[in-house]
Amino acid sequence: MKSCSLFTRAPLRCMIRPVIPPAGAARRTPRLPLYQRPPAFEANLSDLKKWHDWAKNQASSIGSTFVELDNGPDSTLLLRELNWLVEDAIEQPSVLSSQISGDVNSPVSMRACLDELYSLWKQRIEERRPFQYVVGCEHWRDLILSVEEGVLIPRPETETIVDMADAAVKENADLKNGAWADLGTGSGALAIGISRVSAIRVIATDLSPVAVAVASYNVQSYNLQDRVEVRQGSWFDPLKDVEGKLSGLISNPPYIPSDDINGLQAEVRKHEPILALDGGMKGLKDLIHLCNGAATMLKPGGFFAFETNGEIQSKFLVNYMVMEMKGSFDRVNIVCDMAGVQRFVAGYRAQPE
Ligand SMILES: C[S@@+](CC[C@H](N)C(=O)[O-])C[C@H]1O[C@@H](n2cnc3c(N)ncnc32)[C@H](O)[C@@H]1O
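Our numbering applies: residue -5 is where the sequence shown begins, and numbers increase by one.
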């Protein structure tokens, strides 16, 4: 299940620039990730250590309760997340691990006040708020993406789509010409990923205004405004001007069957947007809509890749595209994710006879 991959964090850290909203900007501005905030707060070392000991105890007391409940995080993972929180919130995190006992009254610079740190860790443990929403970002490929409630936390398995798109461009340089589309862009992960790796122009769309704001923020953080354009609207609606001209189309749409939503772990079920998860009765509603649209939106020879729930959905889509949409697509195939799950369906729009 997708939710288990919420529990990873790539070790990589790179410098990206915080986006300063233009003066008087009316547009909704996403929350600044914790690690990008200025170290405007201080606490003395003794109080900070008290918070840290309390937070460690909270994490340890969970044991495997959440694992047994709904395959949620165990203590080991929560303790790891606590270390990441310390890294993001405290300017010199080593003060907490230092063996040399420092002056307990010495001030420590922090990006959140002590009360907020207590509150954030309570949210993590008691409300099962996803760690990525607590700190306001997720590490994905070589990117650090801002995320918040209302936007799906990008998952590691989705990273493979960037490599699939890059392989297609390397095989046929003509795919670099013309725009690509990332439908249901969420945080903008895929659009930013493919435009950086393959140097292509991407139109990223989403129905959710929060996703549009967060994706725009992330695009700006990576200074990609010239290459990635974010548009709001339902699937192909905002793409009328590029109908039949797209060189590539990628999407990780909602694909969880409606009846499975209640069985997801609390981090996902209670906190991630239902609009990003629920794919209707069999989870195929949006995937089928995307297949139908790909037949008219792509230029002949244009590439597509869609993420699915796994083997059953992937096989259904291949059959649908090859049999029901006979003649519309070429080289339709299933690609596995890094865990060996038959996760993606990819191919090309057929060339005219
Ligand atoms: C599974 S999430 C994927 C987000 C992102 N692409 C990623 O991989 O992390 C699906 C996305 O589709 C968006 N979405 C749902 N219905 C939509 C629609 N009718 N039109 C456009 N986007 C939609 C959701 O808001 C959500 O951002």
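Glycine included, each C-beta is placed from N, C-alpha and C at the ideal position.
Every value quoted in this text rests on a predicted model; they were computed, and no experiment measured them.
Could you tell me the alpha carbon to alpha carbon distance between residue i and residue j, rounded to whole angstroms?
i, j, result
"G180", "N99", "44 Å"
"M275", "V339", "20 Å"
"Q226", "V206", "6 Å"
"V335", "S40", "48 Å"
"E151", "D331", "6 Å"
"R411", "F230", "Outside the displayed span of the chain (-5 to 347) sits residue 411, for which this structure offers no information."
"G257", "D97", "49 Å"
"L79", "S113", "12 Å"
"A162", "L271", "28 Å"
"M291", "G238", "4 Å"
"D176", "L111", "36 Å"
"N38", "L108", "10 Å"
"T199", "G187", "15 Å"
"I255", "D64", "12 Å"
"E36", "P251", "47 Å"
"D47", "I84", "15 Å"
"L233", "L243", "11 Å"
In the DSSP assignment, find the unbroken beta strand (DSSP E) run with residue i in it and report its ends.
i, result
"M104", "P101 to M104"
"R337", "Q336 to R343"
"V222", "V222 to Q226"
"G296", "L292 to E301"
"R74", "Looking at the DSSP string, R74 is not in any beta strand (DSSP E); the run it does join, the alpha helix (DSSP H), is S69 to A83."
"L240", "L240 to S245"
"R135", "R135 -> no beta strand (DSSP E), and no H or E assigned at all."
"A198", "V196 to D200"
"L177", "W174 to L177"
"V326", "F323 to C330"
Quick one: what's got a C-beta closer than 8 Å to residue i's C-beta in the same chain, skipping five residues either side?
i, result
"I147", "L0, P124, Q126, Y127, E132, V141, S181 and E266"
"D168", "S241 and G295"
"G144", "S202, V204, A205, V208 and P267"
"L269", "L201, S202 and P248"
"P32", "R105"
In chain order, what residues of the same chain have a beta carbon less than 7 Å from the beta carbon of residue i, not counting five sequence neighbours either side?
i, result
"R66", "Just to set this straight, residue 66 is Gly in the shown sequence, not Arg. Excluding sequence neighbours, G66 sits near F60, R122, Q259, A260 and E261."
"S69", "A53, S54, I56 and G57"
"M158", "A299, V329, F338 and A340"
"A20", "Any reading at A20 must be qualified, since the residue scores a pLDDT of 41, below 50, and its modelled position is unreliable; no value is offered."
"P24", "S140, E142, A207, V208 and Y211"
"N327", "A340 and G341"
Does the distance between the C-beta of residue i and the nearest non-hydrogen atom of ligand 1 fall short of 6 Å?
i, result
"L311", "no"
"A205", "yes"
"S202", "yes"
"P101", "no"
"L114", "no"
"N357", "Here the chain comprises residues numbered -5 to 347, so residue 357 is not present and cannot be evaluated."
"N303", "no"
"N420", "Summary: the structure shown does not reach residue 420, with the chain confined to residues -5 through 347, and so no result is reported for it."
"I228", "The sequence shown places Ser at residue 228, not Ile. Yes, ligand 1 has a heavy atom inside 6 Å of this Cβ."
"T23", "no"
"T179", "yes"
"T395", "Lying before the first or after the last residue shown, residue 395 is absent from the chain, which here runs from -5 to 347."
"L269", "yes"
"P248", "yes"
"T152", "yes"
"P148", "yes"
"A185", "no"
Pull up the CB-CB distance for residue i and residue j, whole angstroms please, since I reckon it's below 8 Å.
i, j, result
"K309", "S241", "Not really, about 27 Å apart at Cβ, beyond 8 Å."
"G277", "Y314", "Actually they do not touch by this definition, with Cβ atoms about 14 Å apart."
"S189", "V222", "5 Å"
"V130", "L28", "Contrary to the premise, residue 130 reads as Gly rather than Val in this sequence. Yes, they are in contact, since the Cβ atoms of G130 and L28 sit about 5 Å apart, within 8 Å."
"D280", "G273", "6 Å"
"W174", "I194", "5 Å"
"D160", "V196", "Their Cβ separation, rounded to whole angstroms, is 13 Å, which puts D160 and V196 out of contact at 8 Å."
State the start and end residues of the unbroken alpha helix (DSSP H) segment that holds residue i.
i, result
"I306", "E305 to N313"
"W48", "L39 to I56"
"I188", "A183 to S192"
"N212", "P203 to S215"
"G118", "Correcting the residue identity first, residue 118 is Arg in this sequence and not Gly. L108 to E120 is the span of the alpha helix (DSSP H), which, as asked, contains R118."
"R263", "A260 to H265"
"I268", "I268 to L271"
"E370", "The chain is shown from -5 up to 347; residue 370 falls before or after that span and cannot be answered."
"S91", "S88 to S91"
With a CB to CB cut of under 6 Å and the five nearest residues on each side skipped, what residues in its chain are close to residue i?
i, result
"I119", "Q52"
"D82", "L28, Y29 and V129"
"K170", "V163 and I194"
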